[in-house]
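**Student:** Take a look at the following structure, please.
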Amino acid sequence: MTGHILALSGGVGGAKLAAGLAAVLPPEQLTVVVNTGDDFEHLGLTICPDIDSVVYALAGLNDTVRGWGVAEESWQAMAMLKRLGEADWFNLGDRDMAMHLGRSWRLRAGESLSEVTARLTGALGIPHRVVPMTDGRLSTLIETDNEIMDFQRWFVGEQCRPVAKAIRFDGAGAPPSPGFAEALARPDLAAVVLCPSNPFLSVDPILALGGVRETLLALKVPRVAVSPLIGGKAVKGPLGKLLEERGQGQEGNAAIAGHYGKLIDHLLIDRSDDADAGGLRERGLSVTVTDTLMHGLADQTRLAREVLAAAGLQQPA
Ligand code: FO1
Numbered sequence: 003m004t005g006h007i008l009a010l011s012g013g014v015g016g017a018k019l020a021a022g023l024a025a026v027l028p029p030e031q032l033t034v035v036v037n038t039g040d041d042f043e044h045l046g047l048t049i050c051p052d053i054d055s056v057v058y059a060l061a062g063l064n065d066t067v068r069g070w071g072v073a074e075e076s077w078q079a080m081a082m083l084k085r086l087g088e089a090d091w092f093n094l095g096d097r098d099m100a101m102h103l104g105r106s107w108r109l110r111a112g113e114s115l116s117e118v119t120a121r122l123t124g125a126l127g128i129p130h131r132v133v134p135m136t137d138g139r140l141s142t143l144i145e146t147d148n149e150i151m152d153f154q155r156w157f158v159g160e161q162c163r164p165v166a167k168a169i170r171f172d173g174a175g176a177p178p179s180p181g182f183a184e185a186l187a188r189p190d191l192a193a194v195v196l197c198p199s200n201p202f203l204s205v206d207p208i209l210a211l212g213g214v215r216e217t218l219l220a221l222k223v224p225r226v227a228v229s230p231l232i233g234g235k236a237v238k239g240p241l242g243k244l245l246e247e248r249g250q251g252q253e254g255n256a257a258i259a260g261h262y263g264k265l266i267d268h269l270l271i272d273r274s275d276d277a278d279a280g281g282l283r284e285r286g287l288s289v290t291v292t293d294t295l296m297h298g299l300a301d302q303t304r305l306a307r308e309v310l311a312a313a314g315l316q317q318p319a
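When we follow the numbering used here, the leftmost residue of the sequence shown carries the number 3, and every step to the right adds one.
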């Protein structure tokens with residue numbers, strides 16, 4: 003296969019497919035652009051949860067049980083922080099903390115997030131390009147009945163309980179990072195992949211950057227999404243709740259397709275949602291029905307191959 007693949011990813015689910023794509027594509031044929039709307043400053047550290055989920059997955063360091071952070075983690079620093087009376091609502095493992103330290107001081111020394119991310123991925127032996135969606139600031143905020151909350155306060159601090167009346171992107175229109183802009187403009191761009199991430203919380207922030215939605219809509223290459231739903235439900239996280247609150251009367255994959263609209267030409271859905279396929283095809287989408295739940299690298303690479311096949315770039319696995 004020739005041509006370049008641009009994958010847009012959030013954290014956990016997206017990171018799994020990104021790892022699959024990295025397993026089947028050579029480094030020069032893949033750019034993974036990662037949501038940074040969840041990023042925040044905590045205890046003086048810059049935390050980039052989705053970048054870290056992708057980096058840990060590509061480096062084979064991710065904790066597959068917990069879903070975030072590093073495997074074989076220890077929590078000594080967190081226990082000491084708690085004794086010192088510091089905030090303990092957001093858990094930072096010892097190994098994970100090294101990532102935040104390594105990132106934070108470099109940012110403070112003047113490196114861009116793109117430069118720091120390239121440095122950290124290089125150090126961990128990841129040959130593929132993992133780039134933040136922006137080097138600027140675009141923060142996801144959750145509007146509840148009572149207040150406008152920082153994303154992590156809502157997601158981790160409040161366990162997503164308060165109803166999200168609206169999701170806001172503070173800094174919408176921020177410029178895409180150099181690596182993202184370059185990938186969008188590549189003459190050899192062969193496909194765009196929307197990883198199985200939360201459309202509202204992980205993909206929408208990427209689309210809210212200056213010019214990104216318009217550029218994606220104008221592209222003449224296949225745009226393939228993998229649904230984050232299994233059996234009509236989110237594998238993890240608040241997507242099910244958000245779909246109920248924001249699905250505009252549609253359910254399951256119809257709501258996902260309705261949300262993405264003309265941004266995608268092809269949707270891969272799970273076998274358990276087979277019944278959705280007819281309706282999706284009626285609205286003009288190509289549909290692949292397959293196993294989208296990824297238990298390990300074998301599933302990740304199989305699904306990556308199926309995504310490339312859906313884009314007409316490879317024989318189905
Ligand atoms: N998620 C949690 O549910 N609880 C945590 O304490 C937590 C800590 C954490 C630390 C570093 C990191 O990179 C991610 C962390 N996450 C935690 C996951 C993160 O909040 C979410 O998975 C993403 O922001 C949503 O994509």
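Cβ atoms here follow ideal geometry from the backbone N, Cα and C, with glycine treated the same way.
Given a threshold of 16 other Cβ atoms within 10 Å of its Cβ, counted over all protein chains shown, does V165 qualify as buried or as exposed?
**Tutor:** Its Cβ having fewer than 16 others within 10 Å, V165 is exposed.
**Student:** When you compare only the Cα positions, how much space is there between G260 and S106?
**Tutor:** Cα to Cα, G260 sits roughly 38 angstroms from S106.
**Student:** Which ranges would you report for the alpha helix (DSSP H) in the segment 175-262 if only whole runs of at least 4 residues count?
**Tutor:** Taking only runs of at least 4 residues, the alpha helix (DSSP H) segments lying wholly in the segment 175-262 are 180-187, 206-209, 214-220, 241-248 and 254-262.
**Student:** Determine the extent of the alpha helix (DSSP H) in which S116 is found, giving its start and end residues.
**Tutor:** Run containing S116: L115 to A125, per the alpha helix (DSSP H) assignment.
**Student:** Compare the beta carbon distance of S141 and G95 with 8 angstroms and say whether it is the shorter of the two.
**Tutor:** Not closer than 8 angstroms, so no.
**Student:** Per DSSP, T48 forms a beta bridge with which residues?
**Tutor:** Per DSSP, E43.
**Student:** From the DSSP output, which residues share a beta bridge with R2?
**Tutor:** There is no way to answer for residue 2, as the model of the chain reaches only from 3 to 319.
**Student:** Which residue wins for smallest C-alpha separation from Q78, given the options D98, A168 and G62?
**Tutor:** The shortest C-alpha separation from Q78 is found at D98.
**Student:** Straight-line CA distance for G286 to D267?
**Tutor:** Approximately 8 angstroms, taken between the alpha carbons.
**Student:** Looking at G12: is its Cβ nearer than 8 angstroms to the Cβ of S204?
**Tutor:** Cβ atoms of G12 and S204: closer than 8 angstroms.
**Student:** For D52, which residues of its own chain have a beta-carbon under 6 angstroms away from its beta-carbon, when the five flanking residues on both sides are left out?
**Tutor:** Contacts found: G12, G13, V36, N37 and D40.
**Student:** Leaving out the 5 sequence neighbours to the left and right, which residues in its chain are closer than 6 angstroms to D272 when beta-carbon positions are compared?
**Tutor:** I232 and T294.
**Student:** Three or more C-beta pairs closer than 8 angstroms, one from the segment 180-200 and one from the segment 226-241: is that the case here?
**Tutor:** Touching, per the Cβ criterion.
**Student:** Here's a check: name, in chain order, each residue in its chain whose Cβ is nearer than 6 angstroms to the Cβ of Q252, leaving out the five neighbours to either side.
**Tutor:** Hits under 6 angstroms: G260.
**Student:** Measuring only the C-alpha atoms, how far is S274 from R283?
**Tutor:** Approximately 17 angstroms between the Cα atoms of the pair.
**Student:** When every heavy atom of the ligand FO1 is checked, does at least one fall within less than 7 angstroms of the C-beta of S274?
**Tutor:** It does not: the Cβ of S274 is nowhere closer than 7 angstroms to a heavy atom of the ligand FO1.
**Student:** Taking Q302 and K84 to be in contact with their CB atoms under 8 angstroms, please state how far apart those CB atoms are, rounded to whole angstroms.
**Tutor:** Not quite, the Cβ-Cβ distance comes to about 35 angstroms (not below 8 angstroms), so this is no contact.
**Student:** Counting C-beta neighbours from all protein chains within 10 Å, is the total for D54 16 or more, i.e. buried, or is it exposed?
**Tutor:** Buried, because 16 or more other Cβ atoms sit within 10 Å of the Cβ of D54.
**Student:** Express the C-alpha separation of H44 and L143 in angstroms, rounding to a whole number.
**Tutor:** Taking the straight line joining both Cα atoms gives about 16 angstroms.
**Student:** Going by the beta-carbon positions, is the gap between R131 and G71 smaller than 8 angstroms?
**Tutor:** In this structure, G71 does not lie closer than 8 angstroms to R131 by Cβ.
**Student:** For G71, is the beta carbon positioned less than 7 angstroms from some heavy atom of the ligand FO1?
**Tutor:** Yes, Cβ of G71 sits closer than 7 angstroms to a heavy atom of the ligand FO1.
**Student:** Below 8 angstroms on the Cβ atoms is my contact criterion, and I expect A176 with R139 to pass it. Report the Cβ-Cβ distance as a whole number of Å.
**Tutor:** Contact flag correct, Cβ pair sits at about 6 angstroms.
**Student:** What is the residue span of the beta strand (DSSP E) that T290 lies within?
**Tutor:** S288 to T292 is the span of the beta strand (DSSP E), which, as asked, contains T290.
**Student:** Which same chain residues end up closer than 6 angstroms to G16 when comparing Cβ atoms and leaving out the 5 residues on each side of it in sequence?
**Tutor:** Same-chain partners within the cutoff: C197 and S199.
**Student:** Any idea what DSSP makes of D147, helix, strand or coil?
**Tutor:** Of the three classes helix, strand and coil, the one that applies to D147 here is coil, per DSSP.
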